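Structure first, commentary second.
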Amino acid sequence: MRLYLKYLLRNRYLPIFYIVAVLFTGLCLGSVTALAARIQVQDSTGAPLVFEQTPQRIVSLVPTASEILVTIGAGGRLKGATYHDVTLSGSDKREVVGGFFNPSYAHIKKVNPDLLIASSFHRRIIKDAKASGLKVFVYGTKSLAQAWAQMKTFGRITGHEARALDLVKKNMDNLAHVKAKLDKAKMKYKRVIRLMGRDSIMTPGADTFQAEMIRSAGGQAPDFGKTGNIVPVTLEEWTRFNPQVIYGCGDDKRVAEKFFSKPGWKDVDAVKNHQIYYLPCDLTCRASVHTADFVAYLSSLIYTQEFADGENDVHPPGVIDETPLELDISKDLPYVENASIVNAYVFDYPNKTLAVDLKVPMTILSTLEGWRDNITTVGNHYTPPPTWMPGHLPGIDSVRTSILGAIGRKTETTALLTTGADMGNLSIRTETFKNMKVTALVTAGVMSNAVRMSADEGVFYEPGTINILIFTNMHLTPRAMARAIISATEAKTALLEDLDIRSSYSGTKNPATGTGTDNILVVEGKGCAIDNAGGHSKMGELIAKAVYAAVRNAVEKQNGVLANRHVIQRLKERNISIYEITSQAQCNCQQKKSEFNAMVEHLLLNKEISGFMASALALSDAYERGQISSIDAFDLWCGQIAEKIAGQPIDIMDMIWDDRVPIVIKKALNAVMTGAKDRVGENIE
């Protein structure tokens, strides 16, 4: 004891030393941690940004950037975006801050962001944001390499670096696949031009990512010695280049209609041979998450024969992997042996097949194949875009044989539907009443092929945009199986009406009743015999409920469409662009047209005004169907809205020249635009 006390006295400063050492170490470790947490990046202009912590409230004014954030798993931190992004997953939880051309700084501030992603186009907003102390990332893509780099940067900023790297790798691998395929084909590269313009023919400059995409697809892109995002093309340049393939998007059809009947313009190979394609603008105009997929699709259009030739395949046909469904449907359906998604190479690209194997052979009724007996596998097959055109060349029977061979199933015992909707967006819904159960497996896409039967013309055949497979733990008689198709169809159509899905061909006036390529497959099942699946039966009710819920979920997964999506998006689905309507408006405000455009867009962000416009959309459909004969009361409401916007009594002007806009919607837009015209130059926010 004495020795211990003596030791303590002699070393009385030792505990103090230990305490100080521990505190100092903690401080050092804290500093190291802080340094590790700090993120330093550069935006597309080379400007440095330093983040002490991961941004939690991001506003993006650039649709490409928004898409990247959602894809890498950072969508929960995207709190504000443009109305171009309302079909991205999670859009119902985000503030709409306007459009790309006219974002509202007031709505941006409303989100209280800690990071703003903007384009160099948004100079005024960037200036105001930086003045307020808000971090601004200026986003731009001049090349594919820059696009990949900025994906990685967003991964670092948001803490999703691994997923960002995977996304970049996937794109680069897909581009390498296209190159390897074309190298095997050893064909002569074709001259390809991206069509742009309205009053004149234009195209992207040779230094743009769009020209790079053409080259990646194996095409010769034009080089007229001009640089920039969009450059004019003279008739002499057009005829000298003599494009063999032309592609555009959206309203690029207008410039084609205007010029491709004129001498010189109509005399190039692509026009003479009808090699003109119109593709989705979200893919055509962006260097983003689906760029490599777009390049592969474009290449398959340019070189369809080469893509169809199995000698040029990089990957042999066969199963890549197989994944069980997230929900085990065999618990409710004892006759199901196995249900999985089979990922297999077909025509050199990964195809996904929903395969449901049955324990015993059964009879099925398919709207694609009719009645079939002794079926042991039913399913739904997704074909990716690069296989669409090449798959048409050998014919449907050859395609079917190739699919079944790749997934290891027999033609005689397999019944499949086919679709262009991704099987990764499969929706499964089960409805129950006592011992009776119905399960619906659905894929759905409604944004490019929706039609209104009796109103739209059928011009082509491509099976399966909304595909529905119906199973029950009862035994459906042939009569009940046939009636089940009507119950399922009615439920699908009811859902499309509730979501206000518009016809892709006549959507200005017509809601869609389905897509032009829908199919249903009913399995007879095993159990108590059921002879009725109509609307007055419990079986019909369960089928309808399961289909309705499954289609709703599948549409949200595939297209991001929600019932309460922004009214500007709903106008767009009616082929009514607010930007074009305001740009063409007869307002006598040419010197302030850009302010007028912004004023109208910002007014439609107001809940009262957007509610008024949404009501006009509903009233318009009823009026066009002849359910309402007088809209005098609506005229009074329009007057009140115009007066409220203007702040004084005002006569509503007819500012819309396009007669295709339905009268009720025209009245509503005229009310908003008349009020806006009176307020041009004021800050309405």
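Residue 243 in the working numbering sits at position 101 of the sequence shown; the count goes up by one each step and never skips. Idealized CB from N, CA, C, for every residue including glycine. It should be emphasised that the depicted structure is a prediction, and the values quoted were computed from it without experimental measurement.
As DSSP reads the structure, G512 sits in a beta bridge with S508. Contact between Y225 and I710 is confirmed by a C-beta separation of about 4 Å, below the 8 Å threshold. Counting only unbroken stretches of 4 or more residues, the alpha helix (DSSP H) elements lying wholly within the region 294 to 338 are 303 to 327, in sequence order.
When Cβ pairs closer than 8 Å are counted between the two stretches, the region 661 to 677 is seen to touch the region 500 to 513, the count reaching three or more. The alpha-carbon separation between G282 and R219 amounts to approximately 21 Å. About 6 Å separates the Cβ atoms of M329 and Y445, confirming a contact at the 8 Å cut-off. When C-beta atoms of the region 467 to 481 are compared with those of the region 544 to 559, fewer than three pairs fall below 8 Å, so the two segments do not count as touching. Setting aside the 5 residues that flank it on each side, K395 is surrounded in the same chain by Y420, each with a C-beta closer than 7 Å to its C-beta; the list follows chain order. Cα atoms of H264 and F243: separation of roughly 8 Å, rounded to the nearest angstrom.
Boundaries cannot be given for L535, as no beta strand (DSSP E) includes it and DSSP labels it neither H nor E. The C-beta separation of D256 from Q198 comes to about 6 Å, placing the pair in contact by the 8 Å criterion. Separation of the CB atoms of A582 and A563 is rounded to 15 Å, and the pair is thereby denied contact status at 8 Å. With a contact defined as Cβ atoms closer than 8 Å, F613 and G667 qualify at about 6 Å. Judged by DSSP in its simplified three-state form, Y647 adopts coil rather than helix or strand. Exclusion of the five residues before and after H302 leaves I214, G215, A216, F296 as the residues of its chain whose Cβ lies within less than 8 Å of its Cβ. Counting the other CB atoms within 10 Å of its CB gives C427 a total of 16 or more, which places it among the buried residues. For W799, same chain residues with a beta-carbon under 7 Å away, outside a window of 5 residues either side, are Q726, Q728 in chain order. Excluding five sequence positions before and after V204, the CB atoms of its chain that fall closer than 6 Å to its own CB belong to I259, S261, Y281, given in chain order. In this structure the region 644 to 661 touches the region 713 to 727; the number of beta carbon pairs closer than 8 Å is three or more. Shown here, R571 sits in a strand according to DSSP, grouped into three states. Of all alpha-carbon atoms in I770, A810, D796, Y765, the one lying nearest the alpha-carbon of D777 is that of A810. In the three-state scheme derived from DSSP, where H, G and I count as helix and E and B as strand, D673 is classed as coil.
In the assembly as shown, T525 is a buried residue. Its beta-carbon has 16 or more other beta-carbons within 10 Å. Taking 9 Å as the cut-off, the beta carbon of T724 is found closer than this to the beta carbon of K735. Beta-bridge annotation (DSSP): M344 is paired with M338, P374. In this structure, DSSP gives F366 a state outside helix and strand, which the three-state scheme calls coil. Look at L558 here: in three-state DSSP terms it is strand. Contact between G360 and L324 holds: their C-beta atoms lie close to 4 Å from each other, under 8 Å. For a cut-off of 8 Å, the C-beta gap from A622 to N674 is around 6 Å, short enough to register as a contact. Beyond the five residues adjoining it in sequence on each side, Y439 comes within less than 7 Å, by CB distance, of P527, P528 in the same chain, given in chain order. Per DSSP, the continuous alpha helix (DSSP H) segment holding S629 begins and ends at 620 to 640. Look at K699 here: in three-state DSSP terms it is helix.
Separation of L337 and N567 (C-alpha to C-alpha, rounded to the nearest whole angstrom) is 32 Å. By the Cβ test, the region 683 to 703 is not in contact with the region 757 to 774, since fewer than three Cβ pairs between them sit closer than 8 Å.
Taken through DSSP and simplified to helix, strand or coil, I662 comes out as strand. Taken through DSSP and simplified to helix, strand or coil, Y389 comes out as strand.
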